[in-house]
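Trainee:
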Amino acid sequence: MQEIGSPAVPRLIERLNNPSEIVRTRVVQILSEAHDFRALDPLLRLLGDPQQSVRQQVFQALKLYAPESIPGLIERILTDADDVVAERAATVLESIGEPVVEPVIDALSTGSSGRTRFLVQILEHLHDPRAIQALIQLLEQPQLEQLVIIAIIRALCQFQDVRVVKPLLDILSMSNTLVYEAAIQALSQLGLVAFDGLVTALDTPNETVVTQRVRRALMMMTPFPGERLVAALEQRHSAAQGEQILAVLRDKGRDAAPVLVQNLLHRDESVREYIQQALEQMPGTTVVPALLEALYQPATRNAASSLLLKYPDVAIPALVSLLGEHERGPIVADLLPRYGLPVLRPLVSGLNDQRATAREMAQRVVITLVRQRQGQEQQEIVREIVRLFHPTLPPYAREALLDLLSETLADVSILALLDGLEDARLIEDVAEAFVRLARKPALHESVLNRLVDALFNEEQRRGAEIALIRNGGSVVTRVGDLIVNSDPAVARSAQFILSEIGVPALSFIWTAQSDRNNVPRREAAMKVFRSMAPEVIKDELVSLLVGDNRDDIAMAVSLLLERIYEEAKLDYQEHVMVPELIDFVEHSTAQETNLRVMALLLLLGEQAIIDHLVQSLINNPQQRKQLIYLFLLLGSRTQHLLLEVFDDPESPAALRAEIASVLSMTIAPEDVTEYVYSIDRYGIANRRPGSPYPEELSVSLRALGGLLASGQWDVRKLQELREDKSDQGALHEVSNVLLGWRYEPQLLKLQQDLDQQRETFKKELLTSAMKMAEQQKTISGLEEELIKVKEEQGFNEDEIKKVMSDKEKLKTNVDQLTKERNRLRLELDQAKRDKEDLAEQYQAIQRQQPSSRSQPGSPSQRIR
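Numbered according to this note's numbering, the sequence shown spans residues 1 to 864.
1. Once the 5 residues before and after P850 are set aside, which same chain residues still bring their CB inside 6 Å of it?
2. Would V214 and L202 be called neighbours here (beta carbons separated by less than 8 Å)?
3. Taking C-alpha atoms, which residue in T208, V199, Q212 lies nearest to P225?
4. For L568, does the three-state DSSP call read helix, strand or coil?
5. What are the complete alpha helix (DSSP H) segments, minimum 4 residues, inside the stretch 19-64?
6. Output the boundary residues of the alpha helix (DSSP H) element that contains Q372.
7. Apply the 10 Å Cβ neighbour rule to F195 and answer buried if 16 or more other Cβ atoms are within range, or exposed otherwise.
8. Roughly how many angstroms lie between the CA atoms of V287 and L144, to the nearest whole one?
9. If you draw a straight line from the C-alpha of E606 to the C-alpha of T666, how long is it?
10. Are L64 and S95 touching if we call contact CB-CB under 8 Å?
11. Jot down the residue ranges of each uninterrupted alpha helix (DSSP H) in the stretch 313-343, minimum 4 residues, whole runs only, in chain order.
12. Which parts of the stretch 108-186 are runs of the alpha helix (DSSP H), unbroken and 4 residues or longer, counting only runs that do not cross its ends?
13. Starting from I483, trace the alpha helix (DSSP H) both ways and give me its first and last residue.
14. For H869, does the three-state DSSP call read helix, strand or coil?
15. Determine, using beta carbons only, whether I132 and R88 come nearer to each other than 8 Å.
16. Would you kindly work out how many angstroms separate the C-alpha atoms of L455 and S493, rounded to a whole number?
17. Which of helix, strand or coil does DSSP assign to P71?
18. Please state whether DSSP places M282 in a helix, a strand or coil.
19. Excluding the 5 residues preceding and the 5 following L344 in the sequence, name in chain order all residues of the same chain whose CB lies nearer than 7 Å to its CB.
20. Is G690 helix, strand or coil when you go by DSSP?
21. Secondary structure at Q441, three-state DSSP: helix, strand or coil?
22. For R267, is the classification buried or exposed, using 16 other Cβ atoms within 10 angstroms of its Cβ as the cut-off for buried?
23. Starting from K625 and walking both ways along the alpha helix (DSSP H), at which residues does that stretch end?
24. If you drop the 5 nearest sequence neighbours on each side, which residues of the same chain put their C-beta closer than 7 Å to that of V348?
25. Would you call Q376 buried or exposed, if buried means 16 or more other Cβ atoms sit within 10 Å of its Cβ?
26. Measuring straight from C-alpha to C-alpha, what distance separates S691 and E840?
27. Can you confirm whether I275, when its beta carbon is compared against all beta carbons of chain B, has any partner nearer than 8 Å?
28. If you run the structure through DSSP and keep just helix, strand and coil, what is M526?
29. So what's N457 in DSSP terms, helix, strand or just coil?
30. Assign K310 to one of three DSSP states: helix, strand, or coil.
31. Under three-state DSSP, which class holds N619?
32. Just mark I70 as buried or exposed, buried being the case when its beta carbon has 16 or more other beta carbons within 10 Å.
33. Buried or exposed, going by whether 16 or more other CB atoms sit within 10 Å of the CB of V715?
34. Using the rule of at least 16 other Cβ atoms within 10 Å of the residue's Cβ for burial, across every protein chain shown, is I331 buried or exposed?
35. If contact is defined by three or more beta carbon pairs under 8 Å, each pair taking one atom from either stretch, is the stretch 698-712 in contact with the stretch 657-671?
36. Using only the alpha-carbon positions, how far apart do A90 and D83 sit?
See the structure below:
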């Protein structure tokens, strides 16, 4: 069809109505290449084709037909019944570009339907300046539809041309919301092109909707023309215009604030006043960030500082956060005291800052805040500083505040701290401050005297008690004078303080106890001592007891006796001092010191210590021997109590062994001596090789040692045991050894006989082996001869029988020799076992012999 050319066009036009999408698409493609204007109207009708592929080909064809296709496309926009077709026609015109501008402008002047907006959008898209005047003239036509007006506004704002400003400003007075909002948006997009016109529109004496909308257009500009507005403020034509410009700056807020702050020192005084007024009318959250930035500039620093004072709620926390900065920190530290009391609580974050510089600056602010005031005003500031301790401060802030009150502000802080004693929430920190103040030599006496005086003030008494307790030994004398004060509340408070101080008050208590002339004071001191927690004073009393100072020892003995006698009235589980003394002896390695403690325990009497001693022995059977010796010095009650523990089947063997050694040296009960008589039952002879010794053997030996050490088993008793023929067990042998009977010569002879018998057995075994070898050799020779005879001469029955007989005899001899050898081996093994048993007996006797050679005056060593 392409080769046929023009004659084929009518047939192709007919094919445009073909139901096939592919056919229609191909036909449009051919017609676009043919460029025959007879096909133009049919192609325009295909803008409404339902298939996307067909429409795309039509778009391309109509574009190729331009400029001839332009009037038809405009007509479709204005007259086609389908808005979709009109929109597609507009799209084609936009793609054609610059050639459509004049025809579209001409169409604007002839058509005023709702479809005009499509023509406006085409001009907006093409962005050709020739369209400006046509759009303005169109906008001036009456009775335009809303969508057309909005389309014109959007088209005009695409042109950075001052001619579009006035028509857009005129639209601001319209009542249609969508229309004037579009105009506001358009003017803001024009930016500086519309700026002068907008500012001029603000020059009106009355507030109108137009001025409000103009201000909105200025505020919506990006970037915000802050500097231009300040310049316009300087060149204002009227006060009303100045107020309108000021309103724009004020309402813009955060974006305008930096510009206003930068112009705080504007050359025009009236502008400075306007700026000052605008900043004051802005909220602190808007102005403060800009003012903080102005602190970097020396020129604006003072003015910004003055303005920051007007926004304390917002400015103070922000300023405190800057204390750690190198450049602005010192400036902020000078500014913050000007806020007065409100700055204190926010300063806590600065005092707790991780940066040391920030903490130092925060302390500097506090110091300045205090030092710039005098008298009652100054004390009120210090009281507020003390109140900062509640709620509980973080660590850095607490330490910084304590350091201020006890160091830099020590000369003015005492009265405020005393007032702080009245508040239970502040007591702990105030007490710590007093402790630090009391460490200063210049303030020591004054601080402690004021704290003691505070005991007479009911509201301050509880806090003063804690502060005095924290000061420890330095207050003992002062407080001690008050334990018998005429005011019962003060006396109770003084007694409580000494009781809580604990160890440092012991010397005072002993002195008061020793004063027989002042009975009330003595009784009050002992009441204090009794109220002291045993865990607090026990170690100190024991330490004094074992020291070298006689006065300390006397004090320790006196107070320990007093405390132990008081504890005797309590339940057993509440006793502390006696168990503590026993525990000291158990763990101490100084014998002389232990003897001193043990003497005190004996001084207390059996009734006071026996239960604790027995319990200690049960808990730790392997304790120091010195403590075991105490049991030997106690009476029958102790011995019978030990016997009950010994007879308890649940008592461990180690405990029973210790008790056996004590009881065997004292009352030697039958339950203990029975173990000695049964010693052979637990000894070596009944022990399997490799198995441990029975635990009862330890009990038996300890009991035997105690009987010998105490002399209850003397030479006569041992003689009786040796001569007792009914008992030939281990005790009989022990008696022989203890009485000097020697087994060593007999053991030596047995050893020599055993060695001689072993050598004889070895020789006999060797001889038997040699005989067996010879007999075996003879048998082998005979067997070889027999084989030869069989091979050479055949079998001779007589000779064979004779040979066989000889062979049997030889085998018999060999069997006999083998039996003899086995017998000798058995005898040798038996001899070895006898030797081992004798060796063990010999070693046992050797272990017992050193004991028998011990000194006569140490029976316990002799039995070991």
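We treat Cβ as the ideally placed atom computed from N, Cα and C, and that holds for glycine.
Predicted model only: the values in this text are computed from it and were never measured.
Mentor: Concretely, from the data shown:
1. With a pLDDT of 47 at P850, under the threshold of 50, the modelled position of that residue is not reliable, and the figure given next carries that caveat. There are no such residues.
2. Cβ distance < 8 Å, so V214 and L202 count as in contact.
3. In terms of CA proximity to P225, V199 leads the group T208, V199, Q212.
4. For the sequence presented, residue 568 should be read as Ala rather than Leu. Residue state, collapsed to three classes: coil.
5. 21-34, 40-45, 52-64, all fully within the stretch 19-64.
6. That residue, Q372, is in no alpha helix (DSSP H); it is neither H nor E in DSSP.
7. That one is buried.
8. Spanning the two alpha carbons is a distance of roughly 45 Å.
9. Distance from the CA atom of E606 to the CA atom of T666, rounded to whole angstroms, is 16 Å.
10. Contact annotation: L64 and S95 have beta-carbon atoms that are not nearer than 8 Å.
11. Within the stretch 313-343, the complete alpha helix (DSSP H) runs of at least 4 residues are 329-335.
12. The stretch 108-186 contains these whole alpha helix (DSSP H) runs: 116-126, 131-140, 146-156, 165-171.
13. Per DSSP, I483 lies in no alpha helix (DSSP H) segment and is marked neither H nor E.
14. Residue 869 is absent from the structure shown; the chain starts at 1 and stops at 864.
15. Taking 8 Å as the cut-off, the Cβ atoms of I132 and R88 do not count as close.
16. Taking the CA atoms as reference points, L455 sits about 7 Å from S493.
17. P71: helix per DSSP, three-state reduction.
18. Three-state DSSP puts M282 in coil, outside helix and strand.
19. Once the five neighbours on either side are set aside, the close Cβ partners of L344 are E384, I385, L388.
20. Summary for G690: the model assigns pLDDT 47, below 50, so the residue's position carries little reliability, and this model does not support an answer.
21. The sequence shown places Pro at residue 441, not Gln. In this structure, P441 counts as coil in the three-state DSSP scheme.
22. Under this definition R267 is an exposed residue.
23. 625-632 is the span of the alpha helix (DSSP H), which, as asked, contains K625.
24. So the qualifying residues of the chain are L388, L393, A397.
25. Result: exposed.
26. In this prediction, S691 has a pLDDT of 45, which is less than 50 and means its spatial position is unreliable; what the coordinates show is noted afterwards. Cα to Cα, the separation comes out at about 16 Å.
27. This model lacks chain B altogether, as it is built from one protein chain only.
28. Reduced to three states, the DSSP call for M526 is helix.
29. Three-state DSSP puts N457 in coil, outside helix and strand.
30. DSSP, read as helix, strand or coil, puts K310 in coil.
31. Looking at N619 - three-state DSSP - the assignment turns out to be helix.
32. Answer is buried; the Cβ neighbour count reaches 16.
33. By the neighbour-count rule (16 or more Cβ atoms within 10 Å), V715 is not buried but exposed.
34. The C-beta of I331 has 16 or more other C-beta atoms within 10 Å across all chains shown, which makes the residue buried.
35. Here the stretch 657-671 lies against the stretch 698-712, with 3 or more beta-carbon pairs under 8 Å apart.
36. Rounded to whole angstroms, A90 to D83 spans 10 Å at the Cα level.
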